[in-house]
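Here's the structure we're looking at; comments come further down.
The following block contains the structure:
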């Protein structure tokens, strides 16, 4: 199942499953693949009102007005398909979906459509436990064509008292260097201007790959993803804790929160039902008393890959590591080069007419022969003597 970005508008406002008067609701999609003798023959699906499902869950113990119990439906990647959190608004959720499409870094406040492990401290601990219990598998994905912002290393050294004129010396050296560079460019310009008509033109090709602008450069990024494992789990019962005991996940004020968590896959769907129960004295969802971990124990974002080739070497044969550590089974495959296949056939192309190839803005440039360099040096000496 998944949530559709489309919505249904009604002329009159009606109270939804969350107790709010609204004239629109979300639409959800349920679909199933059809097979015949292990061959896919089609996909059938239906579109239904999201509020109908929320109303049905409300009558089965997931009441949004009940602060002691919160229900979640998670999809196969750990995203929230349904939440019984009482402050959910369909209109606000739709607006956030639209803003997130236009602004990828927009932070949603509605739990619908968000990653379960980054909602609050309770869901963070629950997602980490679901991974440990085998409900989800962690798999690392790499983006080998990512772009990263340039990080300039800033080093500030203290001035030496023994050399009081060091700054003045550096200033004079900087001015002299740039002055000589300008004079050299001016001399080269004069030489090319005088003899450009005597030099045969050559074609100037524009390179396909140019240096990135804006301080960004190509890099490699990787992020963990979480994939459901509906057939394998380490659970003998629906309770995530042994003997249906309580857990205190809050690190700041552990005494303020005690929860019991239950999870079970819904048959013939991609949804996992998670129920979190807290006692009446707990305040588990107060972020001031129970903040998330920093850094999070459930990472889920693309980050630049740190180059560790200085102290570690990977080899294809045997996958050995020089520092003696064991090979990480979750290591992304991009770090191990793939062996290329041998060329099976060579195709000979016809000779290409270079005059038809794409050129840069300056369609013609003029090469500078050796004697023009001597002239540049001569003009440079004259200009320096005049100074």
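In this note's numbering, the protein residues as written are 5 to 391. Note that beta-carbon positions come from the ideal geometry of N, C-alpha and C, so glycine has one too. Treat the numbers as computed from the prediction; the structure is a model and nothing was measured.
key: Contiguous beta strand (DSSP E) assignments of at least 3 residues, all confined to the segment 128-159   = With a minimum length of 3 residues, the continuous beta strand (DSSP E) runs that stay inside the segment 128-159 are 140-153.
task = Check whether the Cβ atoms of residue 85 and residue 275 sit closer than 8 Å, and answer yes or no.
result = Result yes, Cβ atoms of residue 85 and residue 275 sit closer than 8 Å.
query = Alpha carbon to alpha carbon, what distance is there between residue 310 and residue 150?
reply = Our two residues, residue 150 and residue 310, have alpha carbons roughly 14 Å apart in a direct line.
ask   = Around the C-beta of residue 374, are 16 or more other C-beta atoms found within 10 angstroms, so that it is buried, or is it exposed?
value = Because residue 374 sits at a pLDDT of 48, beneath the cut-off of 50, its placement in the model cannot be relied upon, and the point is left open.
ask   = For residue 306 versus residue 81, is the C-beta spacing smaller than 8 Å?
value = No.
Spatial neighbours of residue 95 in its chain, beta-carbon cut-off 7 Å, leaving aside the 5 residues before and after = The residues are 26, 28.
inquiry  = Can you tell me whether residue 129 is buried or exposed? The criterion is at least 16 other CB atoms within 10 Å of its CB, across all chains shown.
reply    = Classification of residue 129: buried, given that the 10 Å Cβ count is 16 or more.
ask   = In chain order, which continuous runs of the alpha helix (DSSP H) of length 4 or greater are located wholly inside the segment 44-105?
value = Qualifying alpha helix (DSSP H) stretches, in chain order: 54-62.
Closest by C-alpha distance to residue 148, when choosing among 178, 225, 176 = Comparing C-alpha distances from residue 148 to each of 178, 225, 176 shows the shortest one belongs to 225.
inquiry  = Measuring alpha carbon to alpha carbon, tell me which residue in 222, 79, 68, 251 is nearest residue 133.
reply    = The shortest Cα separation from residue 133 among 222, 79, 68, 251 belongs to 251.
key: Secondary structure of residue 263, DSSP reduced to three states   = Residue state, collapsed to three classes: strand.
ask   = Does the count of Cβ pairs from the segment 102-114 and the segment 266-281 closer than 8 Å reach three?
value = No: fewer than three Cβ pairs fall under 8 Å.
request  = Could you tell me which uninterrupted beta strand (DSSP E) segments, each at least 3 residues in length, are contained entirely in the segment 264-306, listed from first to last along the chain?
outcome  = Segments of the beta strand (DSSP E) lying fully in the segment 264-306: 276-282.
inquiry  = Can you give me the C-alpha to C-alpha distance between residue 31 and residue 23, rounded to a whole angstrom?
reply    = Counting only the Cα atoms, residue 23 lies some 18 Å from residue 31.
query = Closest to residue 19 by CA distance: which of 56, 38, 37, 5 is it?
reply = Comparing Cα positions, the closest option is 56.
query = Can you tell me the Cα-Cα spacing of residue 40 and residue 235, whole angstroms?
reply = CA-CA distance, residue 40 to residue 235, rounds to 22 Å.
inquiry  = Here's a check: name, in chain order, each residue in its chain whose Cβ is nearer than 8 Å to the Cβ of residue 265, leaving out the five neighbours to either side.
reply    = 130, 133, 243, 244, 245, 251, 278, 279, 280, 281, listed in sequence order.
key: Own chain residues within Cβ distance below 7 Å of residue 14, not counting five before or after   = Correct list, in chain order: 27, 28.
task = Please state whether DSSP places residue 180 in a helix, a strand or coil.
result = The DSSP-derived three-state label of residue 180 is helix.
ask   = To the nearest angstrom, how far is it from the Cα of residue 120 to the Cα of residue 75?
value = Our two residues, residue 120 and residue 75, have alpha carbons roughly 12 Å apart in a direct line.
ask   = Where does residue 14 fall in DSSP's three states?
value = In this structure, residue 14 counts as strand in the three-state DSSP scheme.
task = Thinking residue 304 and residue 64 are a contact (beta carbons under 8 Å), I'd like their distance in whole angstroms, please.
result = The pair is not a contact, with the Cβ atoms about 30 Å apart (cut-off 8 Å).
key: Inter-residue spacing [alpha-carbon to alpha-carbon] between residue 97 and residue 103   = C-alpha of residue 97 to C-alpha of residue 103: approximately 10 Å in a straight line.
inquiry  = Tell me which residues share the same chain as residue 16 and place their Cβ nearer than 8 Å to its Cβ, disregarding the 5 neighbours each side in the sequence.
reply    = Within the same chain, residue 16 has close Cβ partners 27.
request  = Assign residue 140 to buried or exposed, taking buried as 16 or more other Cβ atoms, counted over all protein chains shown, within 10 Å of its Cβ.
outcome  = Around the C-beta of residue 140, 16 or more other C-beta atoms lie within 10 Å, and the residue is accordingly described as buried.
query = Skipping 5 residues on each side, what residues in its chain have a beta carbon closer than 8 Å to that of residue 254?
reply = The answer, listed in chain order, is 125, 260, 261, 288, 293, 294.
task = Leaving out five residues on either side along the sequence, give the residues of the same chain with a beta carbon under 6 Å from the beta carbon of residue 269.
result = For residue 269, where only same-chain residues beyond five positions count, the Cβ hits under 6 Å are 234, 276.
query = Identify the residues that DSSP records as bridge partners of residue 223: which are they?
reply = Looking at the DSSP assignment, residue 223 forms a beta bridge with 150.
query = Do residue 107 and residue 153 have their CB atoms nearer than 8 Å?
reply = Contact flag unset, no.
message = Looking at residue 35: is its Cβ nearer than 8 Å to the Cβ of residue 46?
response = At a Cβ-Cβ threshold of 8 Å, residue 35 and residue 46 do not count as neighbours.
key: Beta-ladder partner(s) of residue 187, from DSSP   = Per DSSP, none; premise fails for residue 187.
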